[in-house]
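Protein chains: 2
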Amino acid sequence: MAKHDQALPSQQPLSNLSEEISANVEKTKKRRVIKTKAKPLPIDTVDASSADDLRTSRSSLASEILDNLKRFSHCLLLTRVGQFYESYFDQASEIARLLSIKLTSRKWNGVQVPMCGFPLIHIDKHLKVLVQEHKRFVAMCEEFPRVTCGAKEFDRRVSRIITPGTLIDEPFLNPFENNYLLAISVPSDVDLVSGLNYSLGLAWTDISTGEFYSRQCLLESLQDELARIAPREVILTNDLKSTPEHPVVKALVEEGSFISFVAFPHTNDIPRRVEYDHPHDVGFAGQNLSAEELLGAYLRANLLEHMPTLPSPSHETALNRMQIDSHTIKALEIREGVYQGGSKGTLLGVTKRTITSGGARLLARWLCAPSTSISEIESRQAIVASFHGHPHFRADIKEIIGDAEDIGRIVQKFLLGRGDCTDLLSVARTIDIWRAIIKRVDEEKHMKDTGMNEVKGGWRSFETLVNQIVDLNHLSTRIRTALSADFSTREGPAENMEGITEVESTEGVHSFGKYQGKWIINPDFSQKLASLHQGLQRFLQQKDRLERELQLQYEAPSLTLRNSPALGMHVHISKAKRDKKQLQATPTFISISESGTTKSYFYKEWSHLGGLISETISALALAEKEAFDILRREVTYNAFALRRNAEILDELDVTLSFATLAAEMNFVRPRITDDCSFHVVNGRHPAVELGLLSAGRVYTPNSVEMAPTCNLHIITGPNMAGKSTFLRQTALIAVLAQVGSFVPADFATIGVVDKLFSRIGAKDDLFRDRSTFMVEMLETADILRRATPKSLVIMDEVGRGTTVKDGLALAFATVHHLTVKNQSRCLFATHFHELSDLLGWPNEIFNQGAFSKVRFYCTDVVEIEDGHFTYAYRLQPGVNRESHGLKVAQLAGLPPDALSVASQTLNWLKRREPESLCVPEIIHR
Amino acid sequence: MAKHDQALPSQQPLSNLSEEISANVEKTKKRRVIKTKAKPLPIDTVDASSADDLRTSRSSLASEILDNLKRFSHCLLLTRVGQFYESYFDQASEIARLLSIKLTSRKWNGVQVPMCGFPLIHIDKHLKVLVQEHKRFVAMCEEFPRVTCGAKEFDRRVSRIITPGTLIDEPFLNPFENNYLLAISVPSDVDLVSGLNYSLGLAWTDISTGEFYSRQCLLESLQDELARIAPREVILTNDLKSTPEHPVVKALVEEGSFISFVAFPHTNDIPRRVEYDHPHDVGFAGQNLSAEELLGAYLRANLLEHMPTLPSPSHETALNRMQIDSHTIKALEIREGVYQGGSKGTLLGVTKRTITSGGARLLARWLCAPSTSISEIESRQAIVASFHGHPHFRADIKEIIGDAEDIGRIVQKFLLGRGDCTDLLSVARTIDIWRAIIKRVDEEKHMKDTGMNEVKGGWRSFETLVNQIVDLNHLSTRIRTALSADFSTREGPAENMEGITEVESTEGVHSFGKYQGKWIINPDFSQKLASLHQGLQRFLQQKDRLERELQLQYEAPSLTLRNSPALGMHVHISKAKRDKKQLQATPTFISISESGTTKSYFYKEWSHLGGLISETISALALAEKEAFDILRREVTYNAFALRRNAEILDELDVTLSFATLAAEMNFVRPRITDDCSFHVVNGRHPAVELGLLSAGRVYTPNSVEMAPTCNLHIITGPNMAGKSTFLRQTALIAVLAQVGSFVPADFATIGVVDKLFSRIGAKDDLFRDRSTFMVEMLETADILRRATPKSLVIMDEVGRGTTVKDGLALAFATVHHLTVKNQSRCLFATHFHELSDLLGWPNEIFNQGAFSKVRFYCTDVVEIEDGHFTYAYRLQPGVNRESHGLKVAQLAGLPPDALSVASQTLNWLKRREPESLCVPEIIHR
């Protein structure tokens, strides 16, 4: 909700989407033309006259900015001017305020115009504030050099619009989380606010990794999908903007999603169909197809010149994923903690042992959408078991995987026209890692054949997965031979290697020696490179020869040939007193500088040779850039296979992580069945167990056995005796079991759960005018409407927050509905022991009546001497009528006289009224 | 809790604090020596031979790093090596993992050593991750150039340790929030775990703004102080490290504080006493003094060379601040939202109209610690009233203040040895703003004298505040005359002006023309600057003359004198074909480059002159740096007065903000009394009202009248009818009234509240093994122990989450204790209408017995036709036995058959048992 409100200011319609797209197509054409015009060797730096040009072009800058402000009126516009990003006119004060930078002004044609700006290097910091914190759209207007008639000029154009959902490789992106952009397509032919449960199309992509999914889903489960996908930005068509009561909009607001409304391009002149890098089954038409189109149009309108070819989307169907409703994802703290936001103490945080960022992203996805396919679960389990049973093998694979790069992101960077040679090397290295994995698996297989093959089935799953790795060794070899040995093995921090452009920088060139080892591409790569390198070698040899000759000829051993920003090419002697005599006497050596004991001379022959060296170096830098572009294209050509291999690696990382977890925390492999059983012996709550362990305490495990004949358990017992924890652990064990992990228990058999529901915890939302009780009832109603016999439901203290009788009546009605209508597996914890009376306990009538499938369990307090007591966390059959609230109050430190008043009152109340209610006949009919 | 756990790895003792401090003193001495040795004019760039030196010094780098790793073993060490920060040995893999950068390795003396690194420009990004996210300490080892025998070498030393609480001006600091470092001093002579409620010393500072406070507080209110101060880091002495059960440690863990344990320096050779910039009353000795010493020692050990002179601390006493307990600060969402974390929908977020970052920080501080001094409150109210009554005056002052800079931060930056000329200009500008305020207030005064003087008292408060502004016009004048007119009025983004050092950068110098306008300091500032400027002028004139002469002499109009990195000083002709003839024929012009239509020549006379220009420019840059240092010292000399003025400006901003708020949202000025009354007519909840407004709905106001004879109100009524909101709004109105703001009501009289308590909302903390009910009881017990007759208590549904009888008994005991023992003003909302029976309603016995001061109010549901209904949010005297829980369930969408079962059950329960309990005599004795 809060998010939504922040979003309002930027919910401007992209009204001219189609206009923009066509404009962009034109711009792209223009760019191509300019490219071919550009001269390759601008060896001169900007000079005074061209600086003047720049200054006069300022007035055209003003009109460019005004144009862009109009065209991209829904965005904040940042315009690059030299080494700054600047903002002008009305937006300047807003941007200055958002970024806490100074607002200033400048004169344009006699008019004082507000402006603000910041240096290039702060762009990431400020984009984070504008896009991630304030959810604003930022249009980046960049400068593109254009060389005409020797003078340098610039084309300036908006090359990209950055929105919360279209981040590419900004450094503030968290590599361990997905940054999804979700498009939702709503059928146009249904009555918008009708109660009908129609199908929606969903398509979502993480533009930083290239992952792309689509599916259809029913309106009623939209909110659950939102909780699972956790999109950073959601796209809807413009027509929904004016209908805040539309159920889709309401669900998005409810989940606090950031919504962007766009005009869907209906004109025919724009290619509506998304182009994929791989053919995919278009037969799967329907709403998801138009969602994909909407997503594609939005990406094109914002990524502009950075638009990649999209991979074909993976189609999901509802059938093979456990649905976890949105409250439950939050209440069970599967991904984020309720109170902290972070992943500390969450299921993800406690179970994560992945070592790659891709693995971490996959684990988060799996935990929010466990599988319902027994074969899929079992094949994952088999791989986990293989790892689990072979610690050495596990350690080896872990070490190999540890060096893998985030290939998904790198391939996407290349597709987006970014990346550098370091990324090329990463691709080659990771291909080698895939090969190493295949090799190590092969070795293990041979060891198995000769002996320990206890998990044969597991091994087959393993091989099936690993055999899907596409052989890309040719690409690895190609990259490695194309990159110079120097570059591939260079010492020093990885960032040292960033980008070829470094060579072009204007830093002071001292002596050309250091260029020897600086080249990135192997000279053999092309004829052109080879001849340039030969030329450079020749010139450098000439330089050395010249230097030696001059030293000898003029008896000046300290003479060197140098280059410096202030003196240009010059002859330098460091011991002038001793060595200058003969040089001084020669007119071709012209003294140009003296400082301390050194002296510098101009010498034409060296100036000429130095100039040739300098030119050749620039030409080499350019030739390397061309070579890099060729290599990049070769990588993107293999994008599909690279991604597929990366996905397999992610899966290996996650299953490996499960095995490590199982070994560390003593998890067991659960048996998965397709009936409605649920049998866990000595189950534990992984996060709470960890919390207790760190406090030096031991967790008390508990068992649960649900079957079609006894699928609803009423749990009573004192406060603080672990009821809520027991409920949660049961749900978490189901989640873990169905993602393929082992589970924290001594033994487990789990009948596949189709949907997981919970009504636990308590919160209100006064800002949205909802009391705690209202929130509880909304969640309860949702469960009663949607739970099936294959579902698992946990409910804690339904009926609090209203009068006793209201609460009791509602709790009873809920249990009645669950056991009679929904017939789901359910754990129902309550302090209303009267509920047990209403359900017929202990009169044993439940073996035939409406409540025949209900069972009763409880925890208890054990009194020791002197009024002290401990909790019996272990569940027992039966009903506990004592919640021992006063004991908790005593523990909490309630003043003794208040405790005494409470205890007298309690005694009086108990005397006044018997403990159990008699069974009302009207209910058990 | 979660935070604490993350903290564990870095809770290494600063065991050698004293050692480090003395080492640092030595280092500082050493630095001074080096400074005087340094040569001022290193005009030559690094050459090949010195690069070789650098390379051989690498092995000494290894030993330096090993030394530092040992000395700063509790830190992550980042060592600057050229343009990179690097990390070596074991820490490298940890840092690479934390920062997601690549781990690589290098050979040192034949040993392969792990390493990682990143370019300088990424330092802020990475520090944020290490320090703010991972709460690690980072030791920054910097390079300091040392020029010996012409060759450049480096001293490398750790110049600062960055911890979460010692951030100076890192760009990731949020200027709108304080970043406090808190030291807690525990008396060493008390039994650590005894139940005694001894005094603690607290001292806290925001090193980025220089604010510094200290106070003593009782152990029992430590947690409330923590919630109010919200420190980013807390310092304790080492001896508490081994006692996790110590109540101070427990309170810190409870609040999720990040703790650093340090060894307190007990040796005498280190100055223990903190040196302040202003004498302060040391008579106020005790625990707070040792807390100040602890804080000072910690700062010295970490800021090292950046250690500023601290201001004298402001001493707070408990008497003049409303205590708000820690749960209440969170539950009332005063500063942060419970579920979102941000300030959206919070009291701070809803009431904030401040325009400066200093004002925003002060407002947050005030809201968490309202005043209990009537005179203070009234004088703030008077200023608010003055602003409120004069919209034009308000608008003018608002405009003036809007341009003020964050002087507190700038002064602190200067004290820390940072800052640049832009900051100087900010100081001058802000001094002018203070003067403008005084002038505008003066004008208003004269207007008042001649007519509209309805808020005379307000005006006096206004003048009292404004008259405290210290006249610093001399400083403003000094800065403005010292800075060049060019710099002071320069167009373009503020960041363009950053730092004098820019002049020294190695960027390609094209023609020296652009240096004309680049100087920052006025040439008149010193004799040295004046003569250097004269020299430069002369040289530049000579250059122009030479250029003209050559153009004429050689008939080459396109000839210019230039400088470029590759060619050094050279003569350039852009139209070679036309102009080169005569030059070509002259042997003193030696052709060195040709490209396209241009041609470049070496010409000795220009090389010589250009060299002089280049040297003079470097000398000027250095002289400007010296001048800046002088000016900076002049500012820091006035630090006390500058800070005082800045504080006054903060207060004006906040009171102005209150006036704006009152005008926008129709707030009224409350009357503050020192009795125990609390009378609010038509009060509103500011955040909820805003939420409803944005949904197009109207908020129903409610009145409350508490007096010593009727100070406990029982509130009953249906769900969703606004009970919780009413409770919260009452507490928020008390907070707003006592910070000096107007309040959302038609009329209000507030007897000063000494402590504000609440027991509202519901949460559990399973990770720490606390059920919802346990959390409720802990908070209730705390209130019953600490509330006084001057306190205000709001309690919502105490007794939920256990059996009905337990809950009822506890609710009754709580009310009993509050009215008989605490005698506080209290609003108690409940769904246990049976509680009213226990309290004697409606038998009117309350006019004499123990519950004579209890009153009963309720909300209700109004049935309309066809089973529809609306809520009557307006409170009425009486008790409502109906919570209408089933109506809420119906609204929430519970399936009709479940509703029907619930309603049958409810009817049966009602038939079975009468509505009211008879009054138990044992209780009313």
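Quick note, the sequences are listed as chains E and L, same order.
Residues in the first sequence are numbered from 1 upward in steps of one, following UniProt numbering.
Residues in the second sequence are numbered from 1 upward in steps of one, following UniProt numbering.
Glycine included, each C-beta is placed from N, C-alpha and C at the ideal position.
### Task
Answer with yes or no whether the minimum CB distance from N719(L) to chain E is below 8 angstroms.
For this step, residue 719(L) is matched to residue 719 along the second sequence. Judged by the 8 angstroms Cβ criterion, N719(L) is in contact with chain E.
Next item on the list: Whole angstroms is fine: what's the gap from N288(E)'s alpha carbon to A369(E)'s?
Entry: Taking the first residue of the first sequence as position 1, residue 288(E) is located at position 288. Taking the first residue of the first sequence as position 1, residue 369(E) is located at position 369. Going from the Cα of N288(E) to the Cα of A369(E) covers about 19 angstroms.
- prompt: Taking Cβ-Cβ distances shorter than 7 angstroms, what residues in chain L pair up with M665(E)?
  reply: As a working note, residue 665(E) is residue 665 in the first sequence. Result: empty, since nearest Cβ-Cβ is about 16 angstroms, beyond 7 angstroms.
Cα-Cα separation, L483(E) to N302(L): Counting from one through the first sequence, the residue named residue 483(E) turns up at place 483. Counting from one through the second sequence, the residue named residue 302(L) turns up at place 302. For L483(E) and N302(L), the distance between alpha carbons rounds to 45 angstroms.
Is the Cβ of L567(L) closer than 8 angstroms to any Cβ of chain E?
Your numbering for residue 567(L) matches position 567 in the second sequence. Yes, its Cβ sits closer than 8 angstroms to a Cβ of chain E.
Could you spell out where the alpha helix (DSSP H) holding E378(L) opens and where it closes?
-> Translated into positions along the second sequence, residue 378(L) becomes position 378. I374 to G389 is the span of the alpha helix (DSSP H), which, as asked, contains E378(L).
* Alpha carbon of residue 933(L) to alpha carbon of E142(L), nearest angstrom -> What is shown of chain L runs 1 to 925, which leaves residue 933(L) out entirely.
**Request:** Can you give me the Cβ contacts of N719(E) inside the same chain, cut-off strictly under 7 angstroms, excluding the 5 residues immediately before and after it?
**Result:** Stepping through the first sequence from its first residue, residue 719(E) is reached at position 719. Answer for N719(E): S883, H884, G885 and V888, listed in chain order.
Whole-number beta carbon distance between L310(E) and F212(E), since they are thought to touch under 8 angstroms:
The residue you call residue 212(E) lines up with position 212 of the first sequence. The residue you call residue 310(E) lines up with position 310 of the first sequence. F212(E) to L310(E), Cβ: 6 angstroms. Contact.
Could you name the residues of chain L that I590(E) contacts, counting a contact when the two beta carbons are closer than 8 angstroms?
Start at 1 with the first residue of the first sequence, and residue 590(E) comes out as number 590. The contacting residues are I590, F602, K604 and S607.
How is K625(L) classed by DSSP in three states: helix, strand or coil?
The residue given as residue 625(L) occupies position 625 in the second sequence. It is helical.
Item to check | Nearest-angstrom Cβ-Cβ length linking P175(L) and D406(L), presumed shorter than 8 angstroms | outcome: For the purposes of this step, residue 175(L) is taken as the residue at position 175 of the second sequence. For the purposes of this step, residue 406(L) is taken as the residue at position 406 of the second sequence. Contact holds; Cβ gap of about 6 angstroms.
**Item:** Residues of its chain near E463(L), where Cβ-Cβ distance is below 8 angstroms and the 5 sequence neighbours each way are ignored
**Value:** For this step, residue 463(L) is matched to residue 463 along the second sequence. Taken in chain order, the residues that qualify are V441 and K445.
What residue range does the alpha helix (DSSP H) around K790(E) cover?
In the first sequence, the residue the question calls residue 790(E) occupies position 790. Looking at the DSSP string, K790(E) is not in any alpha helix (DSSP H), and its letter there is neither H nor E.
Does the region 816-835 of chain L come into contact with the region 860-877 of chain L, if we say contact requires no fewer than three beta-carbon pairs (one atom in each stretch) closer than 8 angstroms? no
* To do: Please classify E491(E): is it buried, with 16 or more other beta-carbons within 10 angstroms of its beta-carbon, or exposed?
  => If you number the first sequence from 1, residue 491(E) lands on position 491. Legend: pLDDT at E491(E) = 39, less than 50; position of this residue unreliable, value from coordinates given subsequently. Under this definition E491(E) is an exposed residue.
(request) List the endpoints of the continuous beta strand (DSSP E) containing S484(E). (result) Here residue 484(E) refers to the residue found at position 484 when the first sequence is read from its first residue. Run containing S484(E): none; DSSP gives neither H nor E here.
- Chain-ordered chain E contacts of R800(L) [CB-CB under 7 angstroms]: On the second sequence, residue 800(L) is found 800 positions in, with the first residue counted as 1. Near R800(L) (Cβ distances below 7 angstroms), the residues of chain E are R800 and G801.
- Message: Let's see if you can read the secondary structure: which residues bound the alpha helix (DSSP H) around S903(L)?
- Response: Here residue 903(L) corresponds to residue number 903 of the second sequence, with the count starting at 1. Counting along the chain, the alpha helix (DSSP H) containing S903(L) begins and ends at P896 to R912.
Check your understanding: If you count every other CB in all the chains shown that lies within 10 Å of the CB of L226(E), and 16 or more means buried, which is it?
Key -> Within the first sequence, numbered from 1, the residue matching residue 226(E) stands at position 226. By the 10 Å Cβ count, L226(E) comes out buried.
Query - Of the listed residues V111(E), I121(E), R106(E) and L99(E), nearest to V129(E) (C-alpha basis) - result: Start at 1 with the first residue of the first sequence, and residue 129(E) comes out as number 129. That would be L99(E), whose Cα lies nearest to the Cα of V129(E).
Within 10 Å of its beta-carbon, does Q876(E) have 16 or more other beta-carbons around it, so buried, or fewer, so exposed? Position 876 of the first sequence, counted from the start, is the residue given in the question as residue 876(E). Q876(E) comes out exposed.
* To do: Return no unless some Cβ of chain E is closer than 8 angstroms to the Cβ of R785(L).
  => Numbered from its first residue, the second sequence carries residue 785(L) at position 785. R785(L) counts as touching chain E.
Cβ of M777(L) less than 8 angstroms from any chain E Cβ? By 1-based counting over the second sequence, the position of residue 777(L) is 777. Interface residue, yes.
Q: Take S314(E) and list the residues in its own chain whose beta-carbon comes closer than 6 angstroms to its own, dropping the five residues that flank it on each side.
A: Numbered from 1 along the first sequence, position 314 holds the residue referred to as residue 314(E). If we look at S314(E) and ignore the five residues flanking it on each side, its Cβ neighbours are Y213.
| Where does M774(L) fall in DSSP's three states? | Within the second sequence, numbered from 1, the residue matching residue 774(L) stands at position 774. M774(L) falls in the helix class under three-state DSSP.
Checklist entry - In or out: I121(L) buried (at least 16 other Cβ within 10 Å) or exposed? => result To locate residue 121(L), count along the second sequence from 1; it is residue 121. By the neighbour-count rule (16 or more Cβ atoms within 10 Å), I121(L) is not buried but exposed.
Taking only runs that begin and end inside the region 688-739 of chain L, name each unbroken alpha helix (DSSP H) of 4 or more residues, in chain order.
723-739
Buried or exposed: Y699(L), going by 16 or more other Cβ atoms within 10 Å of its Cβ? For the purposes of this step, residue 699(L) is identified with residue 699 of the second sequence, where counting begins at 1. Buried, by the Cβ-count rule.
Review point. For the region 612-621 of chain L against the region 346-355 of chain L, are there 3 or more C-beta pairs whose distance is under 8 angstroms?
Key: no
Please list the partners that E797(E) has in chain L, where partner means a Cβ-to-Cβ separation under 9 angstroms. Reading the first sequence from its first residue, position 797 is the one you call residue 797(E). Per Cβ cutoff of 9 angstroms: T772, R800 and G801.
(Q) In the DSSP output, which residue or residues are listed as bridge partners for R157(E)? (A) Here the question's residue 157(E) lines up with position 157 in the first sequence. E142(E), per the DSSP bridge assignment.
Practice problem: Quick one: which residues of the region 605-638 of chain E get their C-beta closer than 7 angstroms to a C-beta of chain L? List them in chain order. | Solution: S607, H608, G611 and S614
I want to verify the contact list: residues of chain L whose CB lies under 7 angstroms from the CB of K805(E), in sequence order. Within the first sequence, residue 805(E) is the residue found at index 805, counting from 1. Chain L residues near K805(E): L906, L909 and K910.
May I have the straight-line CA-CA distance separating L363(L) from N179(E), to the nearest angstrom?
The residue labelled residue 363(L) in the question sits at position 363 within the second sequence. The residue labelled residue 179(E) in the question sits at position 179 within the first sequence. Approximately 35 angstroms, taken between the alpha carbons.
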